[in-house]
Amino acid sequence: MNLFRLITLTLLLVWPNLGRAQLQLLMFEQPGCSYCAQWTREIGPIYPKTTEGESAPLQKIDIHAPLPAGLNLRSTPIFTPTFVLLNNKTEVGRIEGYPGQDFFWGLLGQLIAKTK
Numbered sequence: 319m320n321l322f323r324l325i326t327l328t329l330l331l332v333w334p335n336l337g338r339a340q341l342q343l344l345m346f347e348q349p350g351c352s353y354c355a356q357w358t359r360e361i362g363p364i365y366p367k368t369t370e371g372e373s374a375p376l377q378k379i380d381i382h383a384p385l386p387a388g389l390n391l392r393s394t395p396i397f398t399p400t401f402v403l404l405n406n407k408t409e410v411g412r413i414e415g416y417p418g419q420d421f422f423w424g425l426l427g428q429l430i431a432k433t434k
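Note that the sequence shown covers residues 319 to 434 in my numbering.
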């Protein structure tokens with residue numbers, strides 16, 4: 319493949335994603351958290367297959383572990399589970415607790431809508 323084709327292909331793959339929000343969903347959890355376990359049973363297996371999961375991949379974090387570098391959170395999570403939606407590593411909003419499947423999807427949808 320010549321250099322021109324390589325550059326063109328790279329631009330075609332990268333260009334549509336330039337300026338697009340980089341969403342991520344953090345789930346703060348801890349051992350023994352029954353609501354964390356319930357979320358993992360009910361939502362965990364399907365989350366990556368959903369539109370929400372594709373646009374905001376999930377990262378689970380132990381609430382007692384140090385925060386990953388470069389995050390801009392409004393405050394340190396206190397309750398588990400706490401779900402924090404990030405847009406380019408900056409908090410958009412959060413869901414504290416697990417209110418059940420129906421409420422979870424609705425609340426997450428509202429947070430994602432804020433990024434558009």
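A virtual CB, placed ideally from N, CA and C, is assigned to each residue, including glycine.
Values in this document were obtained by computation on a predicted structure and should not be read as measured data.
By a C-beta neighbour count over all protein chains shown, 10 Å radius and 16 as the cutoff for buried, is phenylalanine 401 buried or exposed?
-> buried
Any idea what DSSP makes of glycine 371, helix, strand or coil?
-> helix
Excluding sequence positions up to five away, which residues of its chain have a Cβ less than 8 Å from the Cβ of threonine 433?
-> Ala339, Leu341, Leu403, Asn405 and Val410
Could you check where the beta strand (DSSP E) with arginine 359 kicks off and where it finishes?
-> Looking at the DSSP string, arginine 359 is not in any beta strand (DSSP E); the run it does join, the alpha helix (DSSP H), is 352 to 360.
Going by Cα to Cα distance, which pick from Ser393, Gln428, Asp420 and Ala431 is closest to isoleucine 361?
-> Asp420
CA-CA distance, isoleucine 379 and lysine 407?
-> 15 Å
Within the same chain, show all residues whose beta-carbon is closer than 6 Å to that of glycine 371, passing over the 5 residues directly before and after it, in chain order.
-> Tyr365
Please state whether DSSP places isoleucine 292 in a helix, a strand or coil.
-> Nothing can be reported for residue 292: it is not among the residues displayed for the chain, which extend from 319 to 434.
Among Pro363, Pro395, His382 and Leu425, which residue has its Cα nearest to the Cα of leucine 376?
-> Pro363
Best match in Leu385, Pro417 and Leu389 for proximity to cysteine 354 [C-alpha to C-alpha] | Pro417
For isoleucine 396, count neighbouring C-beta atoms within 10 Å of its own C-beta (all shown protein chains included) and say buried if the count is 16 or more, exposed if not.
-> exposed
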